[in-house]
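Asker: Okay, here's the structure, questions in a sec.
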Amino acid sequence: MTSPRLPPHAVRRRVLLGSLALTAVSMLTFRWPVRASAAQANTVQIENFKFSPAALTVKAGTRVTWTNRDDEPHTVTSSSTPRAFASGALDTGRSFAFTFDTPGTYPYFCALHPHMTGVVVVK
């Protein structure tokens with residue numbers, strides 16, 4: 186028994202479609218290098234029960250975003266009185282942002298885990 190032969194254009198089409206599919210899958214799994222942008226520079230990650238970076242220096246008018254990457258809820262709570270900012274509990278994957286308009290030093294902590302501390306210095 187012989188197998189049916191495909192016409193040449195059908196073979197080319199299958200090869201082309203297979204190549205395109207392979208390229209698409211490769212692009213989905215490849216991580217392109219990313220330069221640190223201003224947005225990334227003004228981001229604090231909450232992970233392993235710490236703020237990273239623990240100290241951040243920014244210009245007045247800068248918006249800083251904290252993102253909880255931990256498996257536990259955390260807060261971002263200003264240590265000043267009255268409180269300059271307070272996020273409330275942030276579950277995993279949630280973020281909180283605050284714009285620092287006035288120069289100064291802004292220490293903060295996690296109200297649920299007070300050993301977690303950080304500081305934003307605004308120039």
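Just add 185 to the spot in the sequence shown (first one is 1) and you have my numbering.
In this text, a Cβ means the ideal position worked out from N, Cα and C, and glycines have one as well.
Note that the structure is predicted; figures quoted are calculated from it, not measured.
Quick test of your reading: V307 and P288, contact by CB under 8 angstroms. State the CB separation rounded to the nearest angstrom.
Answerer: Position 122 of the sequence shown, counting from 1, holds the residue named residue 307. Position 103 of the sequence shown, counting from 1, holds the residue named residue 288. Yes, V307 and P288 are in contact; Cβ-Cβ is about 5 angstroms, under 8 angstroms.
Asker: Compute the beta-carbon to beta-carbon distance between A274 and L297, rounded to the nearest angstrom, for a pair I have assumed lies under 8 angstroms.
Answerer: Working through the sequence shown from its first residue, we reach residue 274 at position 89. Working through the sequence shown from its first residue, we reach residue 297 at position 112. Rounded, the Cβ-Cβ distance is 7 angstroms, consistent with contact.
Asker: So which of A282, M301, T228 has the shortest CA-CA distance to E257?
Answerer: Here residue 257 refers to the residue found at position 72 when the sequence shown is read from its first residue. When only C-alpha atoms are compared, the closest one is M301.
Asker: By how many angstroms is the C-alpha of R190 removed from the C-alpha of R198?
Answerer: Start at 1 with the first residue of the sequence shown, and residue 198 comes out as number 13. Start at 1 with the first residue of the sequence shown, and residue 190 comes out as number 5. Straight-line Cα distance between these residues: approximately 14 angstroms.
Asker: Look up A271 in the DSSP assignment and say whether it is helix, strand or coil.
Answerer: Within the sequence shown, numbered from 1, the residue matching residue 271 stands at position 86. Strand.
Asker: Here's the rule I'm using: 16 or more other beta-carbon atoms within 10 Å means buried, otherwise exposed. How should T290 be labelled?
Answerer: As a working note, residue 290 is residue 105 in the sequence shown. T290 should be labelled exposed.
Asker: Thinking just about the alpha-carbon of each residue, which of G246, A239, P238 is nearest to the one in D286?
Answerer: Here residue 286 corresponds to residue number 101 of the sequence shown, with the count starting at 1. Ranking the options by Cα distance to D286, first place goes to G246.
Asker: For N233, count neighbouring C-beta atoms within 10 Å of its own C-beta (all shown protein chains included) and say buried if the count is 16 or more, exposed if not.
Answerer: As a first step, residue 233 must be located in the sequence shown, where it is residue number 48. With fewer than 16 other Cβ atoms within 10 Å, it is exposed.
Asker: Determine the DSSP secondary structure at R190, reduced to helix, strand or coil.
Answerer: Within the sequence shown, the letter at position 5 stands for residue 190. Three-state DSSP puts R190 in coil, outside helix and strand.
Asker: Who are P240's beta bridge partners in DSSP?
Answerer: Stepping through the sequence shown from its first residue, residue 240 is reached at position 55. As written in the sequence, residue 240 is Ala, which differs from the Pro given in the question. Looking at the DSSP assignment, A240 forms a beta bridge with V304.
Asker: Can you give me the C-alpha to C-alpha distance between R254 and P192, rounded to a whole angstrom?
Answerer: As a position in the sequence shown, residue 254 is number 69, starting the count at 1. As a position in the sequence shown, residue 192 is number 7, starting the count at 1. So the alpha carbons of these two residues sit roughly 54 angstroms apart.
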